[in-house]
Every structure is written in structure tokens, then in C-alpha cells.
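Participant:
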Amino acid sequence: MMSVAKQRIWVTAAICLALFACQKKPEEQATSDKPPATVAPLGYAATDAGVQVTMTLPEPIKLYPELHTLLYNEGEGDLVTFMKTAAKDRAEQSADGFPVADYYRKIDWKIAAQSQKLVSLYSEMEDFQGGAHPGHDFQALLWDKSKSELIPTGKLFVNGADMTHIDAYACKQIEALRSKRAGEPVSQADFGGGCPKFASAKLILIPSTVSGKIGAVDALFAPSEVGAYAEGPYEIRVPQNVLKSALNPEFADQFAGDPVAENALPDPDADIAR
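The sequence shown begins at 1 in the UniProt record's numbering and counts up one residue at a time.
Right, here's the structure in full:
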């Protein structure tokens, strides 16, 4: 026969086991009921009623889930809206008896460069909504790694900094490239417009020959922004040593060395000697 002491020990153990089981079950249940984290896709595509849309995102963007989700959601929303508007427009033109070509919009995101603190991204957008030729545009973004947030590209520079020499340098690069494409000297005055303000342009970072650093900042201009549409896009480079005096101290240590030779955009003048 079991002694009273042993009975008490067994009863106590049974109570402890019961309490442990009761405590574990809700925890295990909560864990099993938790939905897995949703990862945004790296692309989007849809076709309907003579309208086609596509978007691509670079594989490395998976390293920054918040940025990845943000770009995907915004891009998807833009393309869905475009499809609705384009389908309505095509239907109206068709009802009026006009021949209507297919409409499309494509957005292609790429990472231009990364440093310890920053990720530089840009997108090339092309669309066709009727007319003589497709439309083209760029978007440029900066992602602050430490704060996990987008920051304006203009924040690379000190607020109110004297950008006169930088604007002049960029303007000379524009004129040099326009002259090269035209086969004769051309100035911005000949185009009928002044030189753009560099800090207000769509800016991307360019890797340096020094690992992990930024060697230059390039401005991206879509066709017709600084030249005739037929001239195509412009990528205008300003090396970091020209930018130094205007750089924001918060990011100045991200810049060093010379920029790599390659442009972010494909070179339309690849067949012409540099």
C-alpha cells in the first residue's frame, strides 16, 4: 500500500504535468495558427482588352522586405489603374470607328548602387497610349538602410548649398553628349531651354572603384527633357570629387574614389568611339 507521503508526491507531480500541458497547448496552437510572412513577387504581368502591363523587380531587393513590398504594391496599383483607363480609352476610340493599336505599360526596376548606408534604385517606364511614339520616364529612389525608409535624393546635398559649379559641370556634360549625337557643336541655348538644376533631377548613385563607396551621382533625363525625343535618354555623370563641397555630412563618408566606367543605362552611342 502506497504511503501518504508518496501519494502526495504523485498528486503534486500530476498537477504540475497538467498545468504544463495546459500552458503549452495555447502557445503551440498560437504558433501553428500564425500565417507565414507574405513575400511580394519580383514581377507583375496582366493582359486584357488590348492592354498589356508588366513590372520587374531586381532579385537583391529581397534583402529589404519593406522596400520590396512598397515598390511592388505601388507598381501593381499603377498598372491596374493604367489598364482600366487604357481599356476605356480604346473602347471609346473603337466605338468612334478609329483603328486602335494595343496599349502597354512596362516598369523595370534596377539597383544602381549600394553603400553601407544607402541603396540607390531607379525604374525605366515605357508606355504607349496612342500617338506617334511611346512615352518614357524615369523614377529614382534612395533607401536609407539604417532607418528602413525612403529619403529624397536631394537630401544627398546640404540644404541651401551652392550648387552653381555642379549645375555648370552637368550642363557641360549635357552639351558635350548632345554635340556628340548631333555630330556638331550644340548648346542648351540652341535647344531653347536652360540647363536643369542637378539636385532636382532624377539622381542615382554610381559605384566607386573603392569597394563599398560611391564614386559619382548620375542624373537621368527621359527623351525630350534636355533634348529632342529622337536623341533618346541622357545619363549625365558628376564625379564625387566635384560634389564634395555640397554633400550632406550625414552621407559624405559614403563617397570616395573614382566612379566605375559603366553607365547605368544602355549606351545608345555604343557604336561611336567615346
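C-beta atoms are modelled at their ideal positions from N, C-alpha and C, and glycine is treated no differently.
(1) Check the C-beta distance from Trp143 over to Leu57 and give it rounded, since I have them as a contact under 8 Å.
(2) Check each candidate in Tyr64, Asp96, Gln129, Val80 and name the one with the smallest Cα separation from Ala40.
(3) How long is the line joining the alpha carbons of Tyr72 and Met55, rounded to whole angstroms?
(4) With a threshold of 8 Å between beta carbons, is Phe191 in contact with chain B?
(5) Suppose contacts are defined by Cβ-Cβ distances below 8 Å. Is Lys197 in contact with Gly257 by that definition?
(6) Give me the Cα-Cα distance between Ala21 and Lys62, rounded to the nearest whole angstrom.
(7) Would Glu235 and Ala199 qualify as a contact pair, given that the criterion is a beta-carbon distance under 8 Å?
(8) Considering only DSSP beta bridges, list what Glu126 is partnered with.
(9) Measure the alpha-carbon distance for Ala140 versus Glu149 and round it to whole angstroms.
(10) Check whether the Cβ atoms of Gly227 and Val260 sit closer than 8 Å, and answer yes or no.
(11) Report the three-state DSSP secondary structure of Met55 (helix, strand or coil).
(12) Quick check on Gly75: buried or exposed, where buried means 16 or more other Cβ atoms within 10 Å of its Cβ?
(13) What did DSSP end up calling Asp144 once you bin it into helix, strand or coil?
(14) Is Lys213 helix, strand or coil by DSSP?
(15) Would you mind sorting Ala182 into buried or exposed? The rule is 16 or more other CB atoms within 10 Å of its CB.
(16) Whether or not the segment 160 to 176 and the segment 243 to 250 are in contact is what I'm after, with contact meaning three or more pairs of Cβ atoms, one per stretch, closer than 8 Å; do they touch?
(17) Have a look at the DSSP bridge pairing and note the partners of Gln240.
(18) My output table needs one value for Leu42: the three-state DSSP class, helix, strand or coil.
(19) Does Ser245 come out as helix, strand or coil in the three-state DSSP assignment?
(20) Do you know whose CA, among Ser123, Lys84, Gln93, lies nearest Tyr104's CA?
(21) Could you check the C-alpha separation between Gly160 and Gly154 for me, to the nearest Å?
(22) On the criterion of 16 or more Cβ atoms from any shown chain inside 10 Å, does Gln254 qualify as buried, or is it exposed?
(23) Could you tell me the distance, in whole angstroms, from the CA atom of Pro207 to the CA atom of Glu262?
(24) Could you pull out every unbroken beta strand (DSSP E) segment of at least 3 residues lying fully inside the segment 163 to 216, listed in chain order?
(25) Going along the chain, which residues of its own chain have a beta-carbon closer than 6 Å to the beta-carbon of Ala101, five neighbours each way excluded?
(26) Rounded to the nearest angstrom, what separates Ala252 and Lys117 at their Cα positions?
(27) If you draw a straight line from the alpha carbon of Ala30 to that of Thr69, how long is it in whole angstroms?
Facilitator: Result, derived from the coordinates:
(1) Translated into positions along the sequence shown, residue 143 becomes position 143. Translated into positions along the sequence shown, residue 57 becomes position 57. Distance from Trp143 to Leu57 at the Cβ level is roughly 13 Å; contact not present, criterion being Cβ atoms closer than 8 Å.
(2) Reading the sequence shown from its first residue, position 40 is the one you call residue 40. For the residues Tyr64, Asp96, Gln129, Val80, the minimum Cα distance to Ala40 belongs to Tyr64.
(3) As a position in the sequence shown, residue 72 is number 72, starting the count at 1. As a position in the sequence shown, residue 55 is number 55, starting the count at 1. Cα-Cα distance, rounded: 8 Å.
(4) Within the model displayed, chain B is absent; a lone protein chain is all it includes.
(5) Numbered from its first residue, the sequence shown carries residue 197 at position 197. Numbered from its first residue, the sequence shown carries residue 257 at position 257. No.
(6) As a working note, residue 21 is residue 21 in the sequence shown. As a working note, residue 62 is residue 62 in the sequence shown. Below a pLDDT of 50, predicted positions are generally treated as unreliable, and Ala21, at 47, falls in that range; the measurement from the model is reported next regardless. Approximately 39 Å between the Cα atoms of the pair.
(7) The residue labelled residue 235 in the question sits at position 235 within the sequence shown. The residue labelled residue 199 in the question sits at position 199 within the sequence shown. Going by C-beta atoms, Glu235 is not nearer than 8 Å to Ala199.
(8) Stepping through the sequence shown from its first residue, residue 126 is reached at position 126. Paired residues: Lys106, His136.
(9) Here residue 140 corresponds to residue number 140 of the sequence shown, with the count starting at 1. Here residue 149 corresponds to residue number 149 of the sequence shown, with the count starting at 1. Cα to Cα, the separation comes out at about 14 Å.
(10) Within the sequence shown, residue 227 is the residue found at index 227, counting from 1. Within the sequence shown, residue 260 is the residue found at index 260, counting from 1. The Cβ-Cβ distance between Gly227 and Val260 does not fall below 8 Å.
(11) Taking the sequence shown and counting its residues from 1, one reaches residue 55 at position 55. In this structure, Met55 counts as strand in the three-state DSSP scheme.
(12) For the purposes of this step, residue 75 is identified with residue 75 of the sequence shown, where counting begins at 1. Counting Cβ neighbours within 10 Å, Gly75 comes out buried, since at least 16 surround it.
(13) Counting from 1 along the sequence shown, the entry for residue 144 is found at position 144. Residue state, collapsed to three classes: strand.
(14) For the purposes of this step, residue 213 is identified with residue 213 of the sequence shown, where counting begins at 1. Of the three classes helix, strand and coil, the one that applies to Lys213 here is coil, per DSSP.
(15) For this step, residue 182 is matched to residue 182 along the sequence shown. Ala182 is exposed by the Cβ-count criterion.
(16) Between the segment 243 to 250 and the segment 160 to 176, the count of C-beta pairs closer than 8 Å reaches three or more; the two stretches touch.
(17) By 1-based counting over the sequence shown, the position of residue 240 is 240. BP columns for Gln240 are empty, so no partner.
(18) Position 42 of the sequence shown, counting from 1, holds the residue named residue 42. Leu42: coil per DSSP, three-state reduction.
(19) Position 245 of the sequence shown, counting from 1, holds the residue named residue 245. Correct three-state label for Ser245: helix.
(20) The residue given as residue 104 occupies position 104 in the sequence shown. For Tyr104, the closest C-alpha among the options Ser123, Lys84, Gln93 is that of Lys84.
(21) For the purposes of this step, residue 160 is taken as the residue at position 160 of the sequence shown. For the purposes of this step, residue 154 is taken as the residue at position 154 of the sequence shown. Distance between the alpha carbons of Gly160 and Gly154 is about 11 Å.
(22) For the purposes of this step, residue 254 is taken as residue 254 along the sequence shown, with counting starting at 1. Answer is buried; the Cβ neighbour count reaches 16.
(23) Counting from one through the sequence shown, the residue named residue 207 turns up at place 207. Counting from one through the sequence shown, the residue named residue 262 turns up at place 262. Cα-Cα distance, rounded: 9 Å.
(24) 202 to 207
(25) Reading the sequence shown from its first residue, position 101 is the one you call residue 101. Annotation for Ala101: no residue places its beta carbon closer than 6 Å to its own, counting only its chain and skipping 5 residues before and after.
(26) Indexing the sequence shown from 1 puts residue 252 at position 252. Indexing the sequence shown from 1 puts residue 117 at position 117. Each residue's alpha carbon lies about 11 Å from the other.
(27) As a first step, residue 30 is located in the sequence shown; it is residue number 30 there, counting from the start. As a first step, residue 69 is located in the sequence shown; it is residue number 69 there, counting from the start. Unreliable placement is indicated for Ala30, whose pLDDT of 46 sits below 50; the coordinate value is still reported in the next sentence. So the two alpha carbons sit approximately 26 Å from each other.
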